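S.K.: In the numbering used here, the protein residues as written are 10 to 403. What follows is a structure written as structure tokens; I'll ask about it next.
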């Protein structure tokens, strides 16, 4: 059923929906200290206000015929601008002032275009890309702008190192707004689509906040909060491994914290290859692997493989201390090792939290036994794995 056939009461609600959604979205954006979604919501709302003022009830007028090609060109450019500008939060006064000036400049340009722009320029920006197509109304310049902005957004997504659902949703939002502008003459379409865009932005903010809260930014692994929540879904049979990078503090002191971050990411990437388990960053240089539905006998071999793989991963580094004494210091291969403790539920340790602490005891035993070892603790005698011959470890 087309929007135009809706009851008048519904159409009135649709016309006011973008204002309500923008108000809610603006509150969420400010609460989460995100300026980019707030600016996009504001841009879409301003678009609705301009059409409401110059074309009430979608009436065709001279003002609208001049306004439409201008705003349909400015909208995609604004969306691109807000996405490419760095996220500075909502409390940066100088940044906010600069953005306010940008809005005022655009408002002045729109006013000048509508009052002073030469007729031939108006005709140029109003040229249709397909004059024979009755269902397509976007001018050529606007169509080109939407395509170019979509292309540049795709490039930004490809270059982004962090997962942001909001950024991915922007491509879909761009398509929705192109559709809404193309159908601007149909009553309620622009307001309805703008409301959907606002709801999408709100949802992506919620999803991104959840991702940030549960994911470690450095390694990309789920964090301790996600680990604690995973315990609620465990049955009676499971195994937990606690893992620690050997001599990590000394490694940081010798090579620097940036290199330490590189080591953490390398170890995390190896641990992520685990079969049958879920890896979490417990904190610092410690990691946890939860094997749901597995026993310690079933996972010992897999943990041994991970231990050996980490030890065989060489990282080529410049020794900061050596660089101070020798200008020709060359990068040298450095290996790191991990120690592991493994446990499963028994009569004494019945909850996941208790099993986790029990596995941590095994980890400390592995370190006390010389490091680069896997030690299993439990009702059965603790079993220590003998390190296989690997590349020289630090």
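Glycine residues also receive a C-beta, built at the ideal position from the N, C-alpha and C atoms. Please read all numbers here as calculations on a predicted model, not as lab measurements.
From residue 118 to residue 77, what does the alpha carbon distance come to, in whole angstroms?
M.R.: Straight-line Cα distance between these residues: approximately 14 Å.
S.K.: Sorted by chain position, which residues of the same chain lie with C-beta nearer than 7 Å to residue 192's C-beta, five sequence neighbours on each side aside?
M.R.: Counting only Cβ-Cβ distances below 7 Å, and skipping sequence neighbours, we find 198.
S.K.: Considering only the alpha carbon of each residue, which of 41, 82, 319 lies closest to residue 155?
M.R.: Ranking the options by Cα distance to residue 155, first place goes to 82.
S.K.: How many whole angstroms separate the CB atoms of residue 85 and residue 202, which I take to be in contact at a CB cut-off of 8 Å?
M.R.: The Cβ separation is near 14 Å, so there is no contact.
S.K.: Here's the rule I'm using: 16 or more other beta-carbon atoms within 10 Å means buried, otherwise exposed. How should residue 179 be labelled?
M.R.: The residue in question, residue 179, is buried, as its Cβ has 16 or more Cβ neighbours within 10 Å.
S.K.: To the nearest angstrom, how far is the alpha carbon of residue 200 from that of residue 24?
M.R.: Between residue 200 and residue 24, the C-alpha separation is close to 5 Å.
S.K.: Mind reading off the beta-carbon distance from residue 206 to residue 55? Whole number of angstroms is fine, and I expect it under 8 Å.
M.R.: About 13 Å separates the two Cβ atoms, so there is no contact after all.
S.K.: In chain order, what are the residue ranges of uninterrupted alpha helix (DSSP H) at least 4 long that sit wholly in the region 282 to 365?
M.R.: The region 282 to 365 contains these whole alpha helix (DSSP H) runs: 305 to 320, 329 to 334.
S.K.: With a threshold of 16 other CB atoms inside 10 Å of the CB of residue 57, please say whether the residue is buried or exposed.
M.R.: Answer is buried; the Cβ neighbour count reaches 16.
S.K.: On the three-state DSSP scale, how would you describe residue 247?
M.R.: In the structure shown, residue 247 sits in a strand (DSSP, three-state: E or B).
S.K.: How far does the alpha helix (DSSP H) with residue 128 in it extend, from its first residue to its last?
M.R.: Per DSSP, residue 128 belongs to the alpha helix (DSSP H) from 128 to 134.
S.K.: Determine the contact status of residue 304 and residue 246, defining contact as a CB-CB distance below 8 Å.
M.R.: Going by C-beta atoms, residue 304 is nearer than 8 Å to residue 246.
S.K.: Classify residue 93: buried if its beta carbon has 16 or more other beta carbons within 10 angstroms, exposed otherwise.
M.R.: Its Cβ having fewer than 16 others within 10 Å, residue 93 is exposed.
S.K.: Where do the ends of the beta strand (DSSP E) carrying residue 383 lie?
M.R.: Per DSSP, residue 383 belongs to the beta strand (DSSP E) from 383 to 385.
S.K.: Along the alpha helix (DSSP H) that carries residue 101, what are the first and last residues, could you check?
M.R.: Segment: none, residue 101 is in no alpha helix (DSSP H) and carries neither H nor E.
S.K.: The alpha helix (DSSP H) that contains residue 238, what's its start and end?
M.R.: From DSSP, the alpha helix (DSSP H) with residue 238 extends over 233 to 239.
S.K.: Please report the distance separating the alpha-carbon of residue 374 from that of residue 288.
M.R.: Their backbone Cα atoms lie some 21 Å apart in a straight line.
S.K.: Under 8 Å by Cβ, that's how I've got residue 250 and residue 368 pegged, so tell me the actual separation to the nearest angstrom.
M.R.: Indeed they touch by this definition, with Cβ atoms about 6 Å apart.
S.K.: Assign residue 228 to one of three DSSP states: helix, strand, or coil.
M.R.: Coil.
S.K.: Using a C-beta cutoff of 8 Å, does residue 47 count as contacting chain B?
M.R.: As a matter of chain content, chain B is missing from the structure shown, which is built from one protein chain.
S.K.: What is the DSSP secondary structure of residue 79, reduced to helix, strand or coil?
M.R.: Three-state result, residue 79: helix.
S.K.: Does the beta-carbon of residue 127 have 16 or more other beta-carbons within 10 angstroms, so that it is buried, or is it exposed?
M.R.: Classification for residue 127: exposed.
S.K.: For the alpha helix (DSSP H) holding residue 42, just list the boundary residues, first then last.
M.R.: That residue, residue 42, is in no alpha helix (DSSP H); it is neither H nor E in DSSP.
S.K.: Between residue 174 and residue 217, how many whole angstroms is the CB-CB distance? I'm expecting something under 8 Å.
M.R.: 5 Å between Cβ atoms; contact.
S.K.: Relative to the alpha-carbon of residue 320, which residue among 307, 349, 306 has its alpha-carbon at the smallest distance?
M.R.: Among 307, 349, 306, the Cα nearest to that of residue 320 is on 349.
S.K.: Between the alpha carbons of residue 234 and residue 98, how many angstroms are there, rounded?
M.R.: Computed Cα separation, rounded: 25 Å.
S.K.: So which of 105, 325, 152 has the shortest CA-CA distance to residue 264?
M.R.: Nearest option by C-alpha distance: 325.
S.K.: Just to check my reading of the structure: residue 43 and residue 214 have Cβ atoms closer than 8 Å, yes? What is that Cβ distance to the nearest angstrom?
M.R.: The Cβ separation is near 6 Å, so the contact holds.
S.K.: Classify residue 267 as helix, strand or coil using the three-state DSSP reduction.
M.R.: In this structure, residue 267 counts as helix in the three-state DSSP scheme.
S.K.: Which word fits residue 87, buried or exposed, when buried means at least 16 other C-beta atoms lie within 10 angstroms of its C-beta?
M.R.: It is buried - the Cβ of residue 87 has at least 16 other Cβ atoms within 10 Å.
S.K.: Excluding five sequence neighbours on each side, which residues of the same chain lie with their C-beta closer than 6 Å to the C-beta of residue 104?
M.R.: The answer, listed in chain order, is 97.
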